[in-house]
Amino acid sequence: MPSPPVTNLLDRLDALRPSGRGWRARCPVCGEDGTLTLREGADGRAEFRCARGCDIPSIVRAVDLRLSDVIPESCRSSSTPARAPKDSERIVRLAEEAGDVFWHTSDGRAHVTRIVDGRSEHHAIDDGYSHRLAKRFRDHNDRPPGTAALREAMAVLRGIASDRPEYSVHIRTAANGGAMSYDLGDATHEQVTVTGDGWTVGVSDAVRFRRPLGMLALPRPVRGGRIAELRPFLNVATDDDFALVVGFLVAAMRPSGPYWLLAIEGGQGSGKSTMARVLGDLVDPALGQLVALPRKDSDLFVMADTQHVLNFNNCSAVPNWVSDLICTLCTGGGYRVRQLYTDRAPLVIAAQRPVIMNGIVRLATRPDLAERAIMVQCPRIGSGTQRTEREFDAEWERVRPRILGALFDALSVALARLDTLPRVPLPRMADAVEWVEAAAPALGWEPGYFLRIYNAMRAKSTADAAESDSLVMRLRVLLTAEPDGTLRVTLGELLTKLRGTEALPPHEWPRNAHALSGYLRRVQDRLEALGMTMTAESTRSNRGQLYRFALVESAAADTDECPPW
């Protein structure tokens with residue numbers, strides 16, 4: 010039962026109804042229905058306020074009461090009337106009364122769950138949520154809150170979230186026990202739940218997804234589609250290239266990485282950008298689907314924090330620092346920076362994302378990025394065979410739900426078969442390769458087909474990179490000129506021999522022995538592709554550490570061998 014001070018006031022109010030932890034009524038001063046909120050304080054006093062700012066003494070007098078009737082003497086220090094709540098306090102109370110639930114993630118970022126039309130929506134406590142609170146305040150007070158009050162309220166809500174339970178939040182795809190969930194991103198907040206027995210579409214609270222600004226909806230998938238229906242929309246040279254792209258898509262929809270970089274290369278008029286857009290539309294459609302490479306490392310990780318698939322368009326060159334960061338994103342990593350307006354508090358963004366890049370030139374030039382890449386070539390589209398964008402887009406939207414359904418079929422088969430595959434030797438990115446091989450029956454492939462074409466692509470990529478590497482080719486020329494095909498030299502001596510009589514060696518060549526050591530370690534696979542070995546000798550000479558470089562017979566693996574899948 011309410012305390013006497015609360016009962017005194019409740020008995021004299023009109024349009025009274027329960028609300029949250031208290032009641033809502035018509036204010037006796039301004040006469041507005043629902044603007045007066047009332048609850049019982051911890052010490053028995055009546056705590057009340059008018060959303061329109063009517064002062065407490067006036068409210069008490071309007072119902073023929075005194076302050077002592079609603080606030081006992083023991084609760085009052087002197088005769089000072091109770092203070093009206095600040096705007097920041099009103100904003101916090103509005104959020105709590107609306108039923109917003111606060112929580113945080115493992116990295117300490119504050120989130121809120123809102124109930125909208127009976128379904129849960131999850132948001133980071135950021136500018137988007139503050140805008141909603143500002144609108145809610147205006148609806149109750151007929152005026153906007155001050156900037157300082159809103160900022161203060163958001164800080165309080167972040168503090169509240171830090172004391173509440175911890176949950177995981179995801180973008181687009183997430184593990185769900187032994188199953189997985191995929192967010193369609195539409196207005197109904199439906200998810201695709203995929204198990205080893207199939208997939209279903211419906212609203213679910215089993216996984217918390219957030220929807221950053223710019224995320225677009227996927228169509229509702231349709232059953233009965235075939236992955237072959239995607240082929241007319243991709244200008245790839247061979248069936249093997251098409252299978253490599255499909256493998257990238259199936260792996261990109263996994264709940265966790267490592268993920269591949271898909272490097273789409275081709276000349277002008279080869280449909281590279283269209284292909285990149287189509288693939289993004291299947292996995293993670295977004296406003297501004299195709300973007301330029303970032304100019305700062307922080308920009309790249311901010312993008313990774315708001316999209317599942319990063320899609321870079323018309324890349325004329327990939328700087329070394331971008332190459333290193335994409336390697337980090339594909340296999341998982343983070344970015345740490347000091348938060349604005351603070352001295353010590355760090356902001357940590359951790360992400361693992363699939364990446365698509367398209368360009369005319371070779372994109373994955375550094376060996377570490379090439380090992381994480383699937384590279385496909387787009388031939389030039391002949392004159393007279395082009396389609397208008399209007400025709401292309403209309404046909405694409407017609408078949409996209411069927412192709413999406415075929416991809417979910419593949420994910421279901423992958424979940425069912427993953428733990429039953431025999432253990433066989435796998436290349437770099439083994440988890441992604443194994444996942445695609447597990448999905449092979451749904452894609453119409455024979456066991457081991459994807460691994461075979463993937464290994465063949467990697468071997469060709471390494472050989473092409475070796476032949477375009479002027480330093481590696483120069484080293485082979487030096488070894489070929491030796492009678493026994495070997496050199497025993499320090500790295501400083503080798504660098505001198507490599508430069509030869511050239512006063513200005515190519516600018517990409519290492520400038521000293523230390524840099525040459527790192528370079529040769531990175532291009533080890535290129536040396537092997539051209540039949541060369543590098544061995545550090547166990548004994549050290551007075552000239553320094555000696556290395557033995559030698560020509561050997563190439564022992565290329567039989568890429569036609571099919572593992573027992």
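Residue 574, in the numbering used here, is where the sequence shown stops; the numbers in between run on with no holes. Using N, Cα and C, we set each Cβ at its ideal position, and we do this for glycine too. Fair warning: this is a prediction, and the values are worked out from it, not measured in the lab.
Per DSSP, the bridge partner or partners of L271: Bridge partners of L271: I365, I383.
Rounded separation between R371 and F321 - CA only: Near 14 Å, if we compare the C-alpha coordinates of F321 and R371.
Close-in-space but distant-in-sequence residues of the same chain around A215 (CB under 7 Å, 5 per side omitted): So the list reads N185, S190, once near-sequence residues are dropped.
Which listed residue (N551, L222, Y556, R552) has its alpha carbon closest to that of M543: Here the closest residue by C-alpha is Y556.
Cutoff 8 Å; reference R58; Cβ partners in own chain excluding five residues on either side: Excluding sequence neighbours, R58 sits near L45, T46, I65, A93, P94, R99.
Length of the line joining the Cα atoms of S12 and D151: Each residue's alpha carbon lies about 32 Å from the other.
In chain order, each beta strand (DSSP E) run of at least 3 residues that lies wholly inside the segment 87-140: Runs of the beta strand (DSSP E) lying entirely within the segment 87-140 and spanning at least 3 residues, in chain order: 110-113, 119-125, 128-133.
CB-CB length for I273 against V255, believed under 8 Å: Not confirmed; about 14 Å, so no contact.
Alpha-carbon spacing of L435 relative to H140, whole angstroms: A straight-line Cα-Cα distance of about 50 Å links L435 and H140.
Contact the segment 442-462 vs the segment 295-315: 3+ CB pairs below 8 Å: With a cut-off of 8 Å on Cβ pairs, the segment 442-462 is not in contact with the segment 295-315, counting fewer than three such pairs.
Residues of its chain near F242, where Cβ-Cβ distance is below 7 Å and the 5 sequence neighbours each way are ignored: So the list reads V287, W405, once near-sequence residues are dropped.
Local Cβ density within 10 Å of Q277, reported as buried at 16 or more and exposed below that: Label assigned to Q277: exposed.
Range covered by the alpha helix (DSSP H) that runs through V165: It spans 156-171 - the alpha helix (DSSP H) in which V165 sits, taken as one unbroken run.
Own chain, CB closer than 6 Å to I180, minus 5 neighbours either side, in chain order: Apart from the 5 residues on each side of it in sequence, I180 sits with its Cβ closer than 6 Å to the Cβ of H317 in its chain, given in chain order.
Alpha-carbon to alpha-carbon, G234 and Q395: Each residue's Cα considered, the two are about 25 Å apart.
For A188 and L413, believed in contact at Cβ under 8 Å, the rounded distance: About 18 Å separates the beta carbons of L413 and A188, which is beyond the 8 Å limit, so they are not a contact pair.
Counted within 10 angstroms of its Cβ, other Cβ atoms place S470 as buried (16 or more) or exposed: Burial is judged here by how many other beta carbons sit within 10 angstroms of a residue's own beta carbon; S470 has at least 16 and is buried.
For D248, the nearest candidate out of P519, P363, M466, C36 (CA to CA): Restricting attention to P519, P363, M466, C36, the CA atom closest to the CA of D248 is found in M466.
Length of the line joining the Cα atoms of A71 and P37: Across the structure, A71 and P37 are spaced so that their CA atoms are roughly 6 Å apart.
Local Cβ density within 10 Å of G266, reported as buried at 16 or more and exposed below that: Label assigned to G266: buried.
Same chain only: Cβ atoms within 7 Å of V231, ignoring 5 sequence neighbours per side: P410, R411, G414.
Reduced DSSP category for C336 - H, G, I as helix; E, B as strand; rest coil: In this structure, C336 counts as helix in the three-state DSSP scheme.
Distance between beta carbons of V442 and L460, contact taken as under 8 Å: Between V442 and L460 the Cβ distance is about 6 Å, and since that is below 8 Å, they are a contact.
CB contact flag (D489, R552, <7 Å): According to the sequence displayed, residue 489 carries Thr and not Asp. Note that the C-beta distance between T489 and R552 is not below 7 Å.
Among R497, I390, A522, the one whose alpha carbon lies nearest that of E546: The shortest C-alpha to C-alpha distance from E546 to any of R497, I390, A522 is the one to R497.
Alpha-carbon spacing of E570 relative to L487, whole angstroms: Low confidence applies to E570: its pLDDT is 47, below 50, so where it sits in the model is not reliable enough to give any reading.
Nearest to L319 (by Cα), restricted to the options K305, C339, R229: L319 has its Cα closest to that of C339, out of K305, C339, R229.
Host beta strand (DSSP E) of D192 (start-end): Under the DSSP assignment, D192 falls in the beta strand (DSSP E) whose first and last residues are 188-192.
Where K281 falls, given that 16 or more other Cβ within 10 Å makes a residue buried: A residue is called buried when at least 16 other Cβ atoms come within 10 angstroms of its Cβ; K281 meets this threshold and is buried.
Top-ranked residue by Cα proximity to D116, from R240, A359, C387: Nearest in C-alpha terms to D116, of all of R240, A359, C387, is A359.
Spatial distance of P149 from G53 (CA atoms): In the sequence as presented, Pro is not what sits at residue 149; that position holds His. Computed Cα separation, rounded: 27 Å.
Start-to-end residues for the alpha helix (DSSP H) that takes in S77: For S77, the enclosing alpha helix (DSSP H) has its first and last residue at 76-79.
Own chain, CB closer than 7 Å to Y350, minus 5 neighbours either side, in chain order: Low confidence applies to Y350: its pLDDT is 44, below 50, so where it sits in the model is not reliable, and the reading given next is rough at best. If you ignore the 5 residues before and after Y350, its C-beta comes within less than 7 Å of no other C-beta in its own chain.
Three-state class that DSSP yields for N150 in the structure shown: In the structure shown, the three-state DSSP call for N150 is helix.
Secondary structure of S477, DSSP reduced to three states: In this structure, S477 counts as coil in the three-state DSSP scheme.
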